[in-house]
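**Q** Numbering (the numbering used here), first residue to last: 483 to 683. Even glycine gets a Cβ: it sits at the ideal position worked out from N, Cα and C.
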Amino acid sequence: MLIYLVFIYLSPGDSMLKLEPVKPETLNLVRGSCRFCLYWQTSGDYMEVMENLSRYKVYETKREWCKEALNKFGDCCFLAYLSNIPVGFVQYGYPQLFKRIKDYDSGPPSDDAVFLACLYIFRKEMRRKGIGTRMLKKVLENLRERRFKAVETFARKGSENNPSGPLEFYLKHGFQIVSDKDDFPLVRLELKPKKRFRLLR
Numbered sequence: 483m484l485i486y487l488v489f490i491y492l493s494p495g496d497s498m499l500k501l502e503p504v505k506p507e508t509l510n511l512v513r514g515s516c517r518f519c520l521y522w523q524t525s526g527d528y529m530e531v532m533e534n535l536s537r538y539k540v541y542e543t544k545r546e547w548c549k550e551a552l553n554k555f556g557d558c559c560f561l562a563y564l565s566n567i568p569v570g571f572v573q574y575g576y577p578q579l580f581k582r583i584k585d586y587d588s589g590p591p592s593d594d595a596v597f598l599a600c601l602y603i604f605r606k607e608m609r610r611k612g613i614g615t616r617m618l619k620k621v622l623e624n625l626r627e628r629r630f631k632a633v634e635t636f637a638r639k640g641s642e643n644n645p646s647g648p649l650e651f652y653l654k655h656g657f658q659i660v661s662d663k664d665d666f667p668l669v670r671l672e673l674k675p676k677k678r679f680r681l682l683r
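(1) Decide yes or no for the touch test of the region 529-545 against the region 578-585: beta carbon pairs closer than 8 Å, at least 3 of them.
(2) Which residue spans inside the region 616-679 form an unbroken alpha helix (DSSP H) run of at least 4?
(3) Taking the Cβ atom as the reference point for each residue, do residue 645 and residue 576 lie within a distance shorter than 8 Å?
(4) Quick one: any contact between the region 657-672 and the region 627-641, if contact means 3 or more CB pairs under 8 Å?
(5) Would you report the Cα separation of residue 564 and residue 607, rounded to the nearest angstrom?
(6) Since I believe residue 502 is in contact with residue 552 (beta carbons under 8 Å), could you give me their beta-carbon distance rounded to a whole number of angstroms?
(7) Could you check what DSSP says for residue 591 in three-state terms: helix, strand or coil?
(8) By DSSP, does residue 575 sit in helix, in strand, or in coil?
(9) Look up residue 491 in the DSSP assignment and say whether it is helix, strand or coil.
(10) Buried or exposed: where does residue 529 fall if 16 or more other Cβ atoms within 10 Å of its Cβ makes it buried?
(11) In the DSSP assignment, find the unbroken beta strand (DSSP E) run with residue 433 in it and report its ends.
(12) Using DSSP with H/G/I as helix, E/B as strand and the rest coil, what is residue 518?
(13) Excluding the 5 residues preceding and the 5 following residue 538 in the sequence, name in chain order all residues of the same chain whose CB lies nearer than 6 Å to its CB.
(14) Would you kindly check if the distance between the Cβ of residue 631 and the Cβ of residue 673 is under 8 Å?
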């Protein structure tokens with residue numbers, strides 16, 4: 483109980499945010515619905531898919547997907563910690579790893595882009611405090627270090643109730659709309675490498 487009290491009164495601006503990779507063997511550390519979510523790993527009627535799977539089968543399917551994604555892409559799932567307390571979940575990778583993409587009219591993402599499937603703050607009391615911005619910044623830093631060219635995602639119009647985030651959030655951070663055929667336009671950010679300065683002698 484004490485942990486939750488500390489968490490609630492934590493000042494996000496003064497706290498250290500870090501992203502820790504989620505491995506298949508540490509998937510159990512993921513909190514709430516994110517641990518058992520197969521939205522991006524499936525296609526078609528999601529509710530119907532989930533109704534036919536036991537909780538154990540869902541977990542094992544997610545774990546096997548993590549193994550496959552790790553082998554093909556590298557670290558692609560992360561827990562976001564604020565002062566060592568888990569607050570959010572991030573998931574990204576090659577577009578081919580996410581079956582659900584084909585269900586979106588504004589897709590598919592470009593072959594040269596990493597697809598950001600999820601940028602989600604599961605601690606509701608910590609939303610609208612700038613944590614999403616800090617999580618996105620960490621993701622972009624990671625992708626630049628790995629020398630990826632661009633990142634794309636489907637952003638939702640007129641609602642914040644979306645695992646990847648609302649459209650306004652991404653436009654504010656420099657993303658551009660590249661396809662707009664439904665309520666989930668595809669947005670893209672070019673990942674320009676950081677400038678390196680060389681000391682002159």
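**A** According to the data block:
(1) The region 578-585 and the region 529-545 do not touch, with fewer than three beta-carbon pairs separated by less than 8 Å.
(2) 649-654
(3) Not a contact, by the Cβ cut-off of 8 Å.
(4) The region 657-672 vs the region 627-641: in contact.
(5) 13 Å
(6) The distance from the Cβ of residue 552 to that of residue 502 is about 14 Å, inconsistent with a contact at the 8 Å cut-off.
(7) coil
(8) When secondary structure is reduced to three states using DSSP, residue 575 falls in the strand class.
(9) Bear in mind that a pLDDT of 36 at residue 491, under 50, signals an unreliable position, so the number given afterwards is only what the model happens to contain. It is coil, neither helix nor strand.
(10) exposed
(11) Residue coverage of the chain in this structure runs from 483 to 683, which leaves residue 433 outside it and unanswerable.
(12) In the structure shown, residue 518 sits in a helix (DSSP, three-state: H, G or I).
(13) When the five nearest sequence neighbours on each side are left out, no beta carbon in the same chain lies closer than 6 Å to the beta carbon of residue 538.
(14) yes
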